[in-house]
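Taking the numbering used here, the leading residue of the sequence shown gets 28, the next gets one more, and so forth.
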Amino acid sequence: MKIHGLQKMTLLDFPGHVACTVFLGGCDFRCPFCHNFELADGSAQPVMDDAELLTFLKKRTGLLDGVAFTGGEPLLHRELPDLLRRIRALGFAAKVDTNGAHPDPLRQILEEGLADYVAMDVKNSPAKYAATCGVEQVDMDAVRESVALLMGSATDYEFRTTVVKEFHEESDFEEIGRMITGAKHYFLQCFTDRDSVPFGGLHAPSRQELERFAAVARRFVPDTRLRGVD
């Protein structure tokens with residue numbers, strides 16, 4: 028299994044853990060605001076394979092206690108469940124990020140208890156979902172199934188939305204709130220422009236706008252918080 032990036036230590040990516048972050052290539056979305064577009068479009072070169080990752084982790088036993096998988100879209104990789112088994116056998120906790128479009132591999136991971144935490148992106152309200160993902164259409168039934176799987180699982184999880192001024196408005200968060208009513212945690216992440224973002228001309232909402240959006244979502248998910256806001 029090819030690994031396209033490795034952040035050797037993070038205190039941010041995996042709540043409650045000192046972790047490393049593993050970046051996997053490939054994604055079925057083309058979000059215009061993506062920070063890791065070189066992973067999504069496959070242009071990033073691999074930096075190691077799974078055997079080298081396991082060797083790295085064995086040397087970090089006692090220094091790290093978690094491994095966070097992000098991308099790209101990790102659930103596109105059929106080898107991921109087996110790698111998660113091997114990582115957990117070494118004593119590490121595991122976190123998986125997903126865009127929510129792949130409920131079948133998500134179900135396998137949840138049913139086998141292969142992840143300690145799952146973070147799922149909820150891109151936008153259903154009517155705007157495809158445009159926000161940069162594709163012609165999105166299977167919203169799959170997205171809703173992933174939401175239901177997480178909310179019905181014993182695995183800890185969060186939903187999150189990267190908020191972009193050009194894509195989101197207040198009414199969207201009422202629709203999102205209805206999709207994830209009663210969820211454990213919901214984070215509104217503020218968009219930050221970077222050189223790796225594929226499209227220019229996108230902007231972050233103001234803190235006041237984010238607070239207003241969060242207040243709407245909080246009617247459906249009481250634990251709605253802001254992330255990445257000064």
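Cβ coordinates follow ideal geometry from the N, Cα and C atoms, glycine included.
Is the separation between the beta-carbon of residue i and that of residue j shorter than 7 angstroms?
i      : j      : result
THR159 : ASP124 : no
GLU201 : VAL149 : no
LEU110 : ASP77  : yes
CYS214 : THR189 : Note that residue 214 is Phe in the sequence shown here, rather than Cys. The answer is no: Cβ separation not under 7 angstroms.
LEU229 : PHE60  : yes
ILE207 : VAL162 : no
GLU238 : HIS212 : no
ALA169 : ALA128 : yes
LEU66  : HIS104 : no
Could you check how far apart the C-beta atoms of residue i and residue j are, in whole angstroms? I think they sit under 8 angstroms.
i      : j      : result
VAL94  : LEU81  : In fact, because the Cβ distance is near 10 angstroms, the residues do not count as touching under 8 angstroms.
ALA157 : VAL165 : 5 angstroms
ARG113 : ALA121 : About 10 angstroms separates the two Cβ atoms, so there is no contact after all.
VAL45  : LEU38  : 6 angstroms
ASN126 : ASP199 : Not quite, the Cβ-Cβ distance comes to about 17 angstroms (not below 8 angstroms), so this is no contact.
ALA210 : MET178 : 6 angstroms
Distance, Cα to Cα, residue i vs residue j?
i      : j      : result
THR88  : PHE194 : 42 angstroms
SER171 : PHE56  : The question names Ser, yet the displayed sequence has Arg at residue 171. Approximately 17 angstroms between the Cα atoms of the pair.
PRO232 : ALA71  : 29 angstroms
MET75  : LEU176 : 32 angstroms
GLU196 : ASP92  : 38 angstroms
ASP131 : GLN235 : 38 angstroms
GLY118 : MET28  : 20 angstroms
ASP257 : GLN216 : 11 angstroms
ARG205 : PHE247 : 7 angstroms
LEU137 : ASP143 : 9 angstroms
GLY255 : ALA154 : 26 angstroms
ALA241 : ILE203 : 11 angstroms
MET147 : GLN135 : 16 angstroms
GLY69  : CYS54  : 8 angstroms
Item checked: Any alpha helix (DSSP H) of 4 or more consecutive residues that is wholly inside the segment 76-120 -> 77-86, 107-116
Item checked: Meets three-Cβ-pair contact criterion under 8 angstroms: the segment 40-57 and the segment 98-107 -> yes
Next item on the list: Please list the segments of the alpha helix (DSSP H) lying wholly inside the segment 153-183, counting only runs of 4 or more residues, in order along the chain.
Entry: 156-160, 167-178
Item checked: beta strand (DSSP E) runs contained entirely in the segment 191-253, provided each spans 3 or more residues -> 213-217
Check: What are the uninterrupted segments assigned as alpha helix (DSSP H) that are 4 or more residues long and contained completely in the segment 41-80, given in chain order?
Finding: 64-67
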